[in-house]
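Residue numbers (numbering that gives the first Met the number 0), protein chains in the order written: chain A, 0 to 367; chain B, 0 to 367. Backbone N, C-alpha and C define an ideal beta-carbon position, used for all residues, glycine too. In this text, all values refer to a predicted model and were calculated from it rather than measured experimentally.
Number of protein chains: 2
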Amino acid sequence: MSFKVPEDIVLCLNEERGKEFLENIWNKRAAYSCIIGNTETAKIPGISAAGANPEATDFTPAADMELLYFGRCKCIDGVPITPDGIPTPGIITMSALKLAPMPIVVIDGGLRVRPHTPYIDVDASPGEDIRTGKSVKNAERTYDRALVAGRQLAKMVDYLVVGESVPGGTTTALGLLTALGYDTNEKISSTFPVNPHDLKRQVVIEGIEACGIEPELLERDAMAAIEAVGDPMMAPAAGLIAGAAESVPVLMAGGTQMAAVLAVIKAMDDTVMDNLALGTTRWITEDKMSDMKGLVSQMGDVPILAANLNFSLSRYDGLKIYETGLVKEGVGAGGMSIAAMAATDGRVTCRSLLDEIEKNYARLVSRR
Amino acid sequence: MSFKVPEDIVLCLNEERGKEFLENIWNKRAAYSCIIGNTETAKIPGISAAGANPEATDFTPAADMELLYFGRCKCIDGVPITPDGIPTPGIITMSALKLAPMPIVVIDGGLRVRPHTPYIDVDASPGEDIRTGKSVKNAERTYDRALVAGRQLAKMVDYLVVGESVPGGTTTALGLLTALGYDTNEKISSTFPVNPHDLKRQVVIEGIEACGIEPELLERDAMAAIEAVGDPMMAPAAGLIAGAAESVPVLMAGGTQMAAVLAVIKAMDDTVMDNLALGTTRWITEDKMSDMKGLVSQMGDVPILAANLNFSLSRYDGLKIYETGLVKEGVGAGGMSIAAMAATDGRVTCRSLLDEIEKNYARLVSRR
Numbered sequence: 000m001s002f003k004v005p006e007d008i009v010l011c012l013n014e015e016r017g018k019e020f021l022e023n024i025w026n027k028r029a030a031y032s033c034i035i036g037n038t039e040t041a042k043i044p045g046i047s048a049a050g051a052n053p054e055a056t057d058f059t060p061a062a063d064m065e066l067l068y069f070g071r072c073k074c075i076d077g078v079p080i081t082p083d084g085i086p087t088p089g090i091i092t093m094s095a096l097k098l099a100p101m102p103i104v105v106i107d108g109g110l111r112v113r114p115h116t117p118y119i120d121v122d123a124s125p126g127e128d129i130r131t132g133k134s135v136k137n138a139e140r141t142y143d144r145a146l147v148a149g150r151q152l153a154k155m156v157d158y159l160v161v162g163e164s165v166p167g168g169t170t171t172a173l174g175l176l177t178a179l180g181y182d183t184n185e186k187i188s189s190t191f192p193v194n195p196h197d198l199k200r201q202v203v204i205e206g207i208e209a210c211g212i213e214p215e216l217l218e219r220d221a222m223a224a225i226e227a228v229g230d231p232m233m234a235p236a237a238g239l240i241a242g243a244a245e246s247v248p249v250l251m252a253g254g255t256q257m258a259a260v261l262a263v264i265k266a267m268d269d270t271v272m273d274n275l276a277l278g279t280t281r282w283i284t285e286d287k288m289s290d291m292k293g294l295v296s297q298m299g300d301v302p303i304l305a306a307n308l309n310f311s312l313s314r315y316d317g318l319k320i321y322e323t324g325l326v327k328e329g330v331g332a333g334g335m336s337i338a339a340m341a342a343t344d345g346r347v348t349c350r351s352l353l354d355e356i357e358k359n360y361a362r363l364v365s366r367r
Numbered sequence: 000m001s002f003k004v005p006e007d008i009v010l011c012l013n014e015e016r017g018k019e020f021l022e023n024i025w026n027k028r029a030a031y032s033c034i035i036g037n038t039e040t041a042k043i044p045g046i047s048a049a050g051a052n053p054e055a056t057d058f059t060p061a062a063d064m065e066l067l068y069f070g071r072c073k074c075i076d077g078v079p080i081t082p083d084g085i086p087t088p089g090i091i092t093m094s095a096l097k098l099a100p101m102p103i104v105v106i107d108g109g110l111r112v113r114p115h116t117p118y119i120d121v122d123a124s125p126g127e128d129i130r131t132g133k134s135v136k137n138a139e140r141t142y143d144r145a146l147v148a149g150r151q152l153a154k155m156v157d158y159l160v161v162g163e164s165v166p167g168g169t170t171t172a173l174g175l176l177t178a179l180g181y182d183t184n185e186k187i188s189s190t191f192p193v194n195p196h197d198l199k200r201q202v203v204i205e206g207i208e209a210c211g212i213e214p215e216l217l218e219r220d221a222m223a224a225i226e227a228v229g230d231p232m233m234a235p236a237a238g239l240i241a242g243a244a245e246s247v248p249v250l251m252a253g254g255t256q257m258a259a260v261l262a263v264i265k266a267m268d269d270t271v272m273d274n275l276a277l278g279t280t281r282w283i284t285e286d287k288m289s290d291m292k293g294l295v296s297q298m299g300d301v302p303i304l305a306a307n308l309n310f311s312l313s314r315y316d317g318l319k320i321y322e323t324g325l326v327k328e329g330v331g332a333g334g335m336s337i338a339a340m341a342a343t344d345g346r347v348t349c350r351s352l353l354d355e356i357e358k359n360y361a362r363l364v365s366r367r
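Structure, rendered in C-alpha cells:
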C-alpha cells in the first residue's frame, strides 16, 4: 500500500520530496531536541512578543523547556506569555510530546537564564544586541561541539526533530539572511500580527554597518555573519542538525528562524541538505506578512511541511487568537505536531492535539 | 541455544544474576555515558595517581573525554598519566569504543576543567577537600537533574553503560561508604599498587568529624553524606543510573567508586537495583589490597562482572605495568570492555582489545 500524506499535514514546497521525507520518518523512533538562547536584541522596544515585557524574554526559553520536561515552568510562575497574555507555543509542543512521548534533549544555545532541567553545554554565550555588529561569540566552536553532539544523537534514534526558542530571533534571522545576501524583503515572520518590518530592517542595517566587515566577505562566511548580526542559537542548531543529518533525517521544526539555520547549514555542509525538511505551522505558511517559501526556495529544494493546526473553534480566547497571526510558531510547535502524527501512525491529529492543548491550557493558563 | 558467558567475562558475585544480565544486554543497542568531576581531595599528597602531579589531576577527566571523542586529548598534550608515566585507563575505554562504536554522553559531575566536547550540565560544582566536611554542593539537585537525563537516555537505547572519571575518587568513595555505615575496612581500591589505606582513613575521619552531623543521621541520608565527605560525581551518577534503570538495564562500569554510587542508589531508590550490574576489570576483582565483592555484597545481590583483561604479554612496558596493580580501572574501562564484547556478539575479545589498545598506546604515548 502506498504511503498517503494525512490531510493534517500540508506539503508547501518541494511536495514530492516532502512526501518522501514523511514516508521515511513515519512510525520511526525520534528524539526531540531544542536549542534555546537569548539575545539582547529581544529587548529593543517593539522587536519581540516572546515575553510579558522585554526583560521577561530572558526567562522564556528556559521556562519553555521546563514546560516540556515537567508540564509546568519552574523559573517563572505560570507560562511565558506575550504582552497581551497569549501563552507560549511551547504548550503546543508539550501537548504533542504528551500524545507521542519521545526523549527531550535541550541544548544551551547561549542562555542568560538556565532551565531547571539537564541540558547539553556546547560552550555558547548569550547574544548581544545586533546593532553592535558583534552579536555572537565563538560561533564556529559552538557549531563544532554541536556537530559532535548531533552525531551521537543520530546513533540512538531513527530521526531527529529540532526546534528552537530564542526571543527576538526573527530579527536576528533577518540579520543573518541579509548578511548572507538572501532576498529577505518582507519574508521574515514575527511574533506580532503586524510585522514591524521597517524597525527590524533598520536594526539589521545598523548592525551590518557596525560590524565593519565588507558585505562581500560577510556573504561568504556564515560564521562571521552570525557573529556580526545573528543570534547564539544559530551555529549550534546548524551544527547539531548537520551532525545528525550525516546519517539520519532531521525535521527542522520552526518557521523563518529555522530557514536562517538552513542557510547556515547550506554554507557549512550542503551535502546533508537531502536529509532535511522544515516542519512548521499553517500560521507561518499562510502568513501574508512573511514568505517562508520565498526564503527557502532560494536555498535549494528542501521541503516545507506544515501542521494544519486551526484554533478558530477553540473554547479559549487565548488559543483562538493564534488565528489572528499572533505568535504563530516557536519551540518547534509545528514540526513537533507533525512528528506526533508520524510517531502514532496518524492517530494523533490536529483535532486530538487541540483537545490536549486545551486541557493543558486550562490547567496552566486560564486559572491564573 | 542457551546463552554461554564468554571466557573473557568473569562472573564474580551473584553469578546467576550476572549471567542473566549479560544475556539481556547481548547484541543490544547501548550508549556509553561518563560522569566526570573533580574534587580537591585529589590534591592531598599521596591520595591520587590520576595525573602527573596533584594539580594535573584537574585536567584528567576532561582529557579522558576528549580521548574518547576525538582519539586524542585537547586540553593537555599527550594523555593523562600517573606520576610514573602510566597512561590513563581511558585508552582501554577508547579502544573498546573503537571496536564497538556507540554514542558517547558526557555528564559534567562538577568539573574544574571542562572538556572540549559537548556535555550535559546538571548544575554540579567541583568538590572540595573532604577534610572540610563540606565536600559537595546541592547533591540532591544534581541527582534530580541527572535522573531526568537518565530517563531520556533510556528511551533511546536498549541499555546504558555508565562510567566515571574522578581523580581522588577512591578516597571520597571511602568517605561516603564510611559515612553510610558500611564496613569499608581495606575494601576500597586505589590507583597506587600499595593502597594508602591509613592516609585515606585519616582523611575520611577528619572530614566526618568536621561535617558536624551525627553519624546516625549521616547514615540515613545519602545526600547529606555526599555533601559531607563524598565527591560531586556521586549524586548525578546515581541519578542518571536510577533514571535509566527505571526502564532499561544499566551496566555500572567501574570499581569501588561505582560501588559507592550503588550505595547511593540503594538509599535513594532500591526498586531499580534489579536492573543493575557492576562491570569492572580483573585487576579490581583480583586486587589483594581491596575487596569490591565484600563491599557490594553488603548492598544486595547486584552482580559483578569482570573483563578478563591481561596485559602481561603486552609489547609495551606502560601497559604491562597494569599487571602490577597500578591504575586498575577508571573511565569505565572494564565495563566498556564487557559492553564491546556484548555489542559484537563476542567478536571483540580481550585479545583483540589488547591489540587495539597497543595500537592506540603506540600512537598516543610511546612516541612522546
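Could you check what DSSP says for residue i in three-state terms: helix, strand or coil?
i, result
"G180 (chain B)", "coil"
"P86 (chain A)", "strand"
"D120 (chain A)", "strand"
"R367 (chain A)", "For R367 (chain A), the predicted structure reports a pLDDT of 45, less than 50, and the residue's modelled location is therefore unreliable. A value from the coordinates is still provided. DSSP places R367 (chain A) in coil when its eight states are reduced to three."
"C74 (chain B)", "coil"
"M251 (chain A)", "strand"
"V374 (chain B)", "Outside the displayed range of chain B (0 to 367) lies residue 374 (chain B), so it cannot be described from this structure."
"V368 (chain B)", "The requested residue 368 (chain B) is not part of the displayed model; chain B covers only 0 to 367."
"E328 (chain A)", "coil"
"V4 (chain A)", "coil"
"L96 (chain A)", "helix"
"E357 (chain B)", "helix"
"V160 (chain B)", "strand"
"G242 (chain B)", "helix"
"L217 (chain B)", "helix"
"L370 (chain A)", "No answer is possible for residue 370 (chain A): the residues shown for chain A start at 0 and end at 367."
"G126 (chain A)", "strand"
Given a cut-off of 8 angstroms on the beta-carbon distance, is the pair residue i and residue j in contact?
i, j, result
"T280 (chain B)", "A341 (chain B)", "no"
"A41 (chain A)", "S47 (chain A)", "yes"
"L239 (chain B)", "I106 (chain B)", "yes"
"G132 (chain A)", "G36 (chain A)", "no"
"M291 (chain A)", "V263 (chain A)", "no"
"A227 (chain B)", "V271 (chain B)", "no"
"L308 (chain B)", "C349 (chain B)", "yes"
"A209 (chain B)", "L217 (chain B)", "no"
"S246 (chain A)", "A306 (chain A)", "no"
"L275 (chain B)", "V295 (chain B)", "no"
"V301 (chain B)", "L261 (chain B)", "yes"
"P117 (chain A)", "V147 (chain B)", "yes"
"G89 (chain B)", "V330 (chain B)", "yes"
So which residues on chain B does residue i lean against when the C-beta distance must stay under 7 angstroms?
i, result
"M155 (chain A)", "A30, P102, M155, V156"
Could you tell me which chain B residues have their CB closer than 8 angstroms to the CB of residue i, listed as they occur along the chain?
i, result
"I119 (chain A)", "P117, Y118, I119, D120"
"F107 (chain A)", "According to the sequence displayed, residue 107 (chain A) carries Asp and not Phe. Going along chain B in sequence order, the residues near D107 (chain A) (Cβ under 8 angstroms) are D120."
Kindly give me the distance between the Cβ atoms of residue i and residue j, rounded to whole angstroms, as I take these residues to be in contact under 8 angstroms.
i, j, result
"Q256 (chain B)", "A172 (chain B)", "5 angstroms"
"P79 (chain A)", "A62 (chain A)", "5 angstroms"
"A451 (chain B)", "G149 (chain B)", "Outside the shown range of chain B, which is 0 to 367, sits residue 451 (chain B), and nothing can be said about it."
"I337 (chain B)", "I8 (chain B)", "6 angstroms"
"L21 (chain A)", "L352 (chain A)", "Their Cβ separation, rounded to whole angstroms, is 17 angstroms, which puts L21 (chain A) and L352 (chain A) out of contact at 8 angstroms."
"P102 (chain A)", "M155 (chain B)", "5 angstroms"
"H196 (chain A)", "E185 (chain A)", "5 angstroms"
Check the Cβ of residue i against every Cβ in chain A and list those closer than 7 angstroms, keeping chain order.
i, result
"V330 (chain B)", "Chain A residues near V330 (chain B): none, gap ~17 angstroms exceeds 7 angstroms."
"A148 (chain B)", "P117"
"K145 (chain B)", "Sequence inspection shows Ala at residue 145 (chain B); the Lys mentioned does not correspond to that position. P117, listed in chain order."
"Q151 (chain B)", "P102, I103, V104"
Residue i versus chain A: which residues are under 8 angstroms apart at the beta carbon?
i, result
"Y142 (chain B)", "Within chain A, no residue comes near Y142 (chain B); the closest Cβ sits about 11 angstroms away, beyond 8 angstroms."
"Y68 (chain B)", "V147"
Residue ranges of each beta strand (DSSP E) run of no fewer than 3 residues wholly in the stretch 276-314 of chain A, ordered along the chain?
303-306
Minimum length 4: unbroken alpha helix (DSSP H) runs contained in the stretch 13-71 of chain B
14-24, 59-69
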